[in-house]
Amino acid sequence: MPVQTPEFIPPEPPEDEPAPYEPGGYPRPAGMLPGLGERLTWLSGLVLALSAFTGWYVGSGEGLRIAVIGWHTGVLGKLVFFIGLALIALVLMREAGIELPATVPESLVVIALGAVATIFVLIRAITIPESLLPADGRGIGIWISLVAALLAVAAGIVRAGEEM
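Note that the numbering used here gives residue 95 to position 83 of the sequence shown, counting from 1, and the numbers run on in steps of one.
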């Protein structure tokens, strides 16, 4: 016949004695807004991806006004779109529980993607491709792209502060 062993119940401390202290780790100082870096990453990626479909160049030719979207400016316009998608994917992967290896901090990846996007947009802001010669000015879309790329760099810096 099997015998059941009784469970060990620790004695409760008397009411006049305080409970023993159990350390739960050191409190971490909260930043201004927890998760701000992740939200900025998501926002900059979304704006960067959408800005590739806004007017980067404007001009007039033969009685009509033209606008050229970033997607049609060549490879750099398309790469800006895909960098924006990569930033969004990075946030979605983290939300899904998929994290990058510990040797590759996410903040560094965000800063690198933002820096590359900034360089690509600056190249397009400085030089107008020859195939788009009727376009003689810059549209609002290229400046939106530049702000979004710089926001991605700032988001990476904020995330680096949150990771510390």
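Positions of the beta carbon are idealized from the N, C-alpha and C atoms, including for glycine. Since we're looking at a predicted model, the values are computed, not measured.
key: Cα-Cα separation, L112 to A79   = L112 and A79 have their C-alpha atoms roughly 40 Å apart.
inquiry  = Output needed for G57: all residues of its chain with C-beta closer than 6 Å, excluding positions within five of it in sequence on either side, in chain order.
reply    = Here the set comprises G96, L99 and I100.
query = Which class does G109 belong to by DSSP, given the choice of helix, strand or coil?
reply = Per DSSP, reduced to three states, the secondary structure at G109 is coil, with no helix or strand assignment.
task = With hydrogens ignored, establish whether the beta-carbon of A98 is closer than 7 Å to any heavy atom of the ligand ADP.
result = The ligand ADP is not part of the structure shown, which contains no ligands of any sort.
Under the three-state DSSP convention, the category A147 falls into = Note: A147 maps to strand in three-state DSSP.
request  = Measure the C-alpha to C-alpha separation of V128 and R150 and round it to an integer number of angstroms.
outcome  = Distance between the alpha carbons of V128 and R150: 20 Å.
query = DSSP on A172, reduced to helix/strand/coil?
reply = Looking at A172 - three-state DSSP - the assignment turns out to be helix.
key: Cβ-based neighbour list, V170, same chain, cut-off 7 Å, excluding 5 preceding and 5 following   = In its chain, beyond the 5 residues on either side, L48, G49 and L52 have a beta carbon closer than 7 Å to the beta carbon of V170.
Under 8 Å between C-beta atoms of A164 and L60 = A contact, by the Cβ cut-off of 8 Å.
ask   = Once you ignore the five residues that flank W83 on each side, which residues in its own chain have a CB closer than 8 Å to its CB?
value = Closer than 8 Å at Cβ, skipping near neighbours: A64, F65, G89, K90 and F93.
ask   = So, is E107 buried or exposed, given that buried needs 16 or more other C-beta atoms within 10 angstroms?
value = Result: exposed.
inquiry  = On a Cα-Cα basis, can you pick out the residue from A166, I110 and T115 that is closest to V122?
reply    = Selection A166, I110 and T115 evaluated against V122 yields A166 as nearest (Cα-Cα).
query = Between which two residues does the alpha helix (DSSP H) harbouring V116 extend?
reply = Premise fails: V116 is in no alpha helix (DSSP H) and is neither H nor E.
request  = Quick one: give me the first and last residue of the beta strand (DSSP E) that A79 is part of.
outcome  = L76 to I81 is the extent of the beta strand (DSSP E) around A79.
key: Residues near A172 by beta carbon distance below 6 Å, same chain, minus five either side   = The beta carbon of A172 sits closer than 6 Å to the beta carbons of S119 from its chain, once the five residues preceding and following it are set aside; these are given in chain order.
Residue(s) in a DSSP beta bridge with S72 = BP columns for S72 point to R77.
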